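Numbering (our numbering), first residue to last: 1127 to 1490.
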């Protein structure tokens, strides 16, 4: 066994563990994957060394002894008959062949079962339809996408009481969707993708005791205006949320100003989240909506793309390019400054409210 071979074999092991795929294999299967002879003594020693370091387990499997079949028998089945070729071994005077199987110690990959997408403010969010189309075309299985639209939100973001109303509607729609998903035998934990003001509404739903029964899978926030010190750790520890990816745009010019005009908002999409259980990833060239440009959205959900990988891979080894740790010394802007700017924004809300009402009647 030379060094180049060893590095190649180890790289294949790391790939399988990081992607959570092909964790169980025979010597012959692994040999084909790394283009080595199936009787390579060095490869046998390498795999046995994984068992010695508890990276893998060595198990016994049984193979059909009939030449035309020669398939591995399913685990847990009696090794007296082949379920594939229907051969009864005792009648044929043969016995199942014992073959060692290696199983890597790690978490397997997960499917994207269904997703709820929530858009931001001042937008009809055509990206939601594009995301649904891309998911349908890129996955080899069906993954329903619930497109949640709360309509145009412009000056509405300046009023906390409107946030609460929109958040209640979102929570109620989520509950209905989860109930319908259960009827269709889908998991009761949808994955979530939220953008901008949609991230703040999602955080409101998670804080509302009326929706404490709602639980979610993996959450992606893009252009987030949730405060960096939002307690995602508690939500993850309590089982409300499985995991959180915070996708940050390095050229985002909107997020830094959110805390000055929008009650309860913060620069999570600039600073990152302080919660140690979350994953912050910065895309240096992205603006506030850069995540949803067709080329960027396609890249994110393509095979091995950031979003696709986060939603499907084991997270213990997930270390994407651009990952960073938020500054633990972050503090919100001075309260007196935020009170002044939010008061001005709220005053603007009442000045423009009649015009906003008319616009909604004309173009809802």
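The C-beta atom is built at its ideal place from N, Cα and C for all residues, glycine as well. Small disclaimer: the values here were computed from a predicted structure and weren't measured.
Item	Value
Hey, out of 1311, 1272 and 1154, whose CA is closest to residue 1303's CA?	1272
Mind checking whether residue 1227 and residue 1187 have CB atoms under 8 Å apart?	yes
Suppose you measure from the CA of residue 1356 to the CA of residue 1165; what does that come to, to the nearest Å?	55 Å
For residue 1182, which beta-bridge partners are listed by DSSP?	1230
Going by other Cβ atoms of all chains shown within 10 Å of its Cβ, with 16 needed for buried, is residue 1328 buried or exposed?	buried
Is residue 1406 helix, strand or coil when you go by DSSP?	strand
With contact counted as at least three CB pairs below 8 Å, one residue from each stretch, are the stretch 1433-1442 and the stretch 1231-1245 in contact?	yes
Below 6 Å CB to CB, which residues in the same chain sit around residue 1173 once its five sequence neighbours on both sides are set aside?	1228
In three-state DSSP terms, what is residue 1342?	strand
Can you say whether residue 1179 is buried or exposed, counting buried as having 16 or more other CB atoms within 10 angstroms of its CB?	exposed
What three-state label does DSSP hand residue 1431 in the structure shown?	coil
Please report how far the alpha carbon of residue 1149 lies from the alpha carbon of residue 1402, in whole angstroms.	28 Å
Helix, strand or coil: which one does DSSP assign to residue 1205?	coil
Based on Cα-Cα distance, which residue from 1217, 1195, 1274 and 1363 lies nearest to residue 1210?	1195
When burial is assigned at 16 or more other CB atoms within 10 Å of the CB, is residue 1347 buried or exposed?	buried
Measure from the alpha carbon of residue 1167 to the alpha carbon of each residue in 1205, 1132 and 1193, then state which is nearest.	1132
Excluding sequence positions up to five away, which residues of its chain have a Cβ less than 7 Å from the Cβ of residue 1102?	Residue 1102 lies beyond the residue range present for the chain, which begins at 1127 and ends at 1490; the question has no answer from this structure.
If you draw a straight line from the C-alpha of residue 1366 to the C-alpha of residue 1158, how long is it?	42 Å
Can you list, in chain order, the residues of its chain with a C-beta nearer than 6 Å to that of residue 1405? Leave out the 5 residues immediately preceding and following it.	1371
Taking the alpha helix (DSSP H) that residue 1133 belongs to, which residues open and close that run?	1129-1145
Have a look at residue 1279 and residue 1454 and give me their C-alpha separation to the nearest angstrom.	Low confidence applies here, because residue 1279 scores a pLDDT of 49, under 50, leaving its location unreliable; read the following figure in that light. Their backbone Cα atoms lie some 32 Å apart in a straight line.
Run through the DSSP bridge pairs and tell me what residue 1169 is partnered with.	DSSP lists no partner for residue 1169.
Whole alpha helix (DSSP H) runs in the stretch 1373-1402 with 4 or more residues, listed along the chain?	1384-1387 and 1394-1397
Looking at the unbroken beta strand (DSSP E) that takes in residue 1151, where does it start and where does it end?	1150-1152
Grouping DSSP H, G and I as helix and E and B as strand, with all else coil, what is residue 1347?	strand
Starting from the C-beta of residue 1385, find all residues in its chain whose C-beta is less than 7 Å away, skip the five residues before and the five after it, and write them out in chain order.	1391, 1392, 1393, 1458, 1459 and 1464
Specify the secondary structure class of residue 1484 as computed by DSSP and reduced to three states.	Caution is warranted here: a pLDDT of 49 is assigned to residue 1484, below 50, making its placement in the model unreliable, and the coordinate value is therefore given only provisionally. DSSP places residue 1484 in helix when its eight states are reduced to three.
With C-beta atoms as the reference, is residue 1349 less than 8 Å away from residue 1257?	no
Do three or more CB pairs link the stretch 1411-1427 to the stretch 1188-1207 at distances below 8 Å?	no
Using a 10 Å radius around the Cβ and a threshold of 16 neighbouring Cβ atoms, would you call residue 1171 buried or exposed?	exposed
Can you grab the Cα-Cα spacing for the pair residue 1334 / residue 1425, in whole Å?	34 Å
In three-state DSSP terms, what is residue 1417?	helix
For residue 1506, count the other beta carbons within 10 Å of its own beta carbon; 16 or more makes it buried, fewer makes it exposed. Which is it?	Nothing about residue 1506 can be read from this structure; the chain reaches only from 1127 to 1490.
Look up residue 1449 in the DSSP assignment and say whether it is helix, strand or coil.	strand
Going by DSSP, what residues sit across from residue 1272 in a beta bridge?	1242
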